[in-house]
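Here's the structure, in structure tokens; my notes come after.
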Amino acid sequence: MYSFSSLAEFAILRDSIKRELVQTCEEDALRLFIAINEGVNNAIFHGNKEDNTKKVQIIIERSPEDVQIIIRDEGDGFVKTKKTAGMELWDENGRGLDLIGLYVDSCWWNTKGNEITLVKKINPAYCKPFRTYTSL
Amino acid sequence: MEITTNISEKEVIVTLSGSMYVEDAAVLREKLMGFIESGYKQFIIKLHNVDYIDSSGLGVLVAIQKKVLPKEGHVTLTGAKGVVKELFELTRLNKVFTMQA
């Protein structure tokens with residue numbers, strides 16, 4: 001599990017997260033990282049509203065079928081509205097959720113809206129055989 | 001990320017290198033808005049050595065394009081490859097910019 005309170009702390013962890021993703025599933029590592037990075041940006045800026053007393057956590061777990069990633073913040077929660085449901089071509093903001101949707105097979109929020117779960121199915125042709133995998 | 005800028009004729013040539021995260025996007029926005037305030041409106045942004053750009057970086061490039069188009073300016077992107085090129089295609093931003101090899 002990764003835990004941090006600010007963008008600066010997350011910046012230090014990015015390479016470790018990338019390495020873990022490569023170990024977990026090399027073929028999908030970059031695209032999973034793209035989804036994680038967008039999710040974390042949302043958690044820091046929109047969830048915790050850059051409050052450095054609040055934490056963001058990332059949990060990466062591998063099963064035989066998929067990689068599951070949980071990104072949790074300590075904010076008041078996110079409600080997906082029509083405005084956030086899709087990007088307009090000339091919008092300067094609002095692409096993060098769309099990119100997450102493009103790079104994982106499914107994603108959902110908890111009831112409060114402060115925890116997103118991302119799931120990417122494993123292509124066994126490209127990934128190492130399953131082993132129990134939970135990040136430290 | 002490294003951001004270097006050069007002026008050639010009336011064009012601002014911006015060479016980017018590395019990964020563009022949200023903190024880099026803020027720096028890029030400030031630099032390019034500075035050029036626009038100084039009267040520049042033609043931008044060539046070289047992406048040959050960029051291996052990743054997140055949504056905030058894409059947003060900054062859109063913001064610059066929106067700022068210069070009414071002044072008859074333009075943002076041209078060159079050298080996007082791999083996942084960077086894919087990101088522009090998936091978000092349809094390849095329709096917003098002139099993209100060259």
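Sequences listed follow chains A and B, in order. Every letter in the first sequence is one number past the one before it in full-length UniProt numbering, and letter 57, counting from 1, is 57. Every letter in the second sequence is one number past the one before it in full-length UniProt numbering, and letter 53, counting from 1, is 53. Heads up, the beta-carbon is just placed ideally off N, CA and C, and yes, glycines get one too. Since the model is a prediction, treat every value here as computed from it, not as a measurement.
Per DSSP, Lys-31/B is not a residue of any beta strand (DSSP E); the alpha helix (DSSP H) it occupies stretches across 22 to 37. Taken through DSSP and simplified to helix, strand or coil, Gly-57/B comes out as helix. Annotation for Asn-41/A: no beta strand (DSSP E) segment contains it, though the alpha helix (DSSP H) segment containing it runs 29 to 42. Assigned with DSSP and collapsed to three states, Ile-64/B falls in helix.
In this chain, the beta strand (DSSP E) harbouring Ser-3/A covers 2 to 4. Judged by pairs of C-beta atoms under 8 angstroms, the stretch 51 to 66 of chain A does not touch the stretch 63 to 72 of chain B, as fewer than three such pairs exist.
For Asp-24/B, the closest Cβ of chain A is not nearer than 7 angstroms. A direct Cα-Cα distance of roughly 17 angstroms separates Thr-76/B from Thr-91/B. For Val-67/A, the closest C-alpha among the options Ser-6/A, Leu-13/A, Tyr-2/A and Leu-118/A is that of Leu-118/A. Contact between Glu-65/A and Lys-121/A holds, since their C-beta atoms are separated by about 6 angstroms, short of 8 angstroms. Within chain B, the residues placing a beta-carbon under 8 angstroms from that of Arg-95/A are Ser-55, Leu-58, Gly-59 and Thr-91, ordered along the chain.
At a cut-off of 7 angstroms between beta carbons, Glu-38/A contacts chain B. In this structure the stretch 2 to 19 of chain A lies against the stretch 30 to 46 of chain A, because at least three pairs of beta carbons, one per stretch, are closer than 8 angstroms. With its beta carbon less than 7 angstroms from one in chain B, Asn-41/A belongs to the interface. The residue among Asn-123/A, Lys-112/A and Ser-5/A with its C-alpha nearest the C-alpha of Ile-58/A is Ser-5/A. Two segments are said to touch when three or more pairs of C-beta atoms, one from each, lie closer than 8 angstroms; by this definition the stretch 29 to 40 of chain B does not touch the stretch 16 to 24 of chain A. A distance of 7 angstroms or more separates the beta carbons of Lys-46/B and Thr-5/B.
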